[in-house]
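Residue numbers are given in the UniProt record's numbering: position 138 of the sequence shown equals residue 138, and the series is strictly consecutive. Don't be surprised by glycine CBs; every beta carbon is placed ideally from N, CA and C. Scroll down for the structure; my scribbles are underneath it.
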Amino acid sequence: MVDELVLLLHALLMRHRALTIENSQLMEQLRLLVCERASLLRQVRPPSCPVPFPETFNGESSRLPEFIVQTASYMLVNENRFCNDAMKVAFLISLLTGEAEEWVVPYIEMDSPILGIVLQLPAAGVGAGASLTRKCLEVSSTLAIPGIPPLLI
């Protein structure tokens with residue numbers, strides 16, 4: 001009987017040792033999986049935007065360069081949100097307030113050709129900016145919207 005108990009105790013100790021080793025291996029696998037999951041989540045979740053959301057623009061000419069830099073930087077960092085030029089123009093228009101908003105609303109309501117010209121700017125290339133600006137001014141001078149000054153560039 002004592003021999004049987006010794007054999008049973010030995011078998012239990014061997015089983016305990018095997019389970020302890022298996023548990024240790026499983027814990028190591030779990031640690032590796034947790035690290036891999038964290039790495040994958042960092043790749044899937046974009047980091048917080050390093051460029052703050054642009055401030056609104058009320059038409060104050062001294063703030064125009066700052067507004068352009070802010071919006072261009074924001075759109076560049078978040079290029080996946082602005083898949084085409086129409087989205088970019090809509091985003092810019094959404095940031096206009098005060099006189100700037102008052103100026104643009106009538107052009108939007110009448111489906112102005114100026115907005116079409118603005119959308120051509122990126123596709124036209126670097127050297128085309130001056131000719132498109134002249135074209136914009138020509139179209140602007142032919143549009144008569146009561147109470148709204150013509151486009152000033």
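At least 7 Å separates the beta-carbon of LEU96 from that of PHE67.
Beta-bridge pairing by DSSP links PHE57 to LEU96.
Distance from the CA of HIS16 to the CA of ARG31, rounded to the nearest whole angstrom, comes to 22 Å. Boundaries of the alpha helix (DSSP H) around SER39: 2-44.
Counting C-beta atoms within 10 angstroms of its own C-beta, PRO65 has fewer than 16 neighbours from the protein chains shown and is therefore classed as exposed. A residue is called buried when at least 16 other Cβ atoms come within 10 angstroms of its Cβ; ALA100 meets this threshold and is buried. The criterion of a C-beta distance shorter than 7 Å is satisfied by PRO54 and THR71. Close CB contacts of PRO50 within its chain, under the 7 Å cut and outside five residues either way in sequence, are with VAL77 (chain order).
Secondary structure of MET110 (DSSP, three-state): coil.
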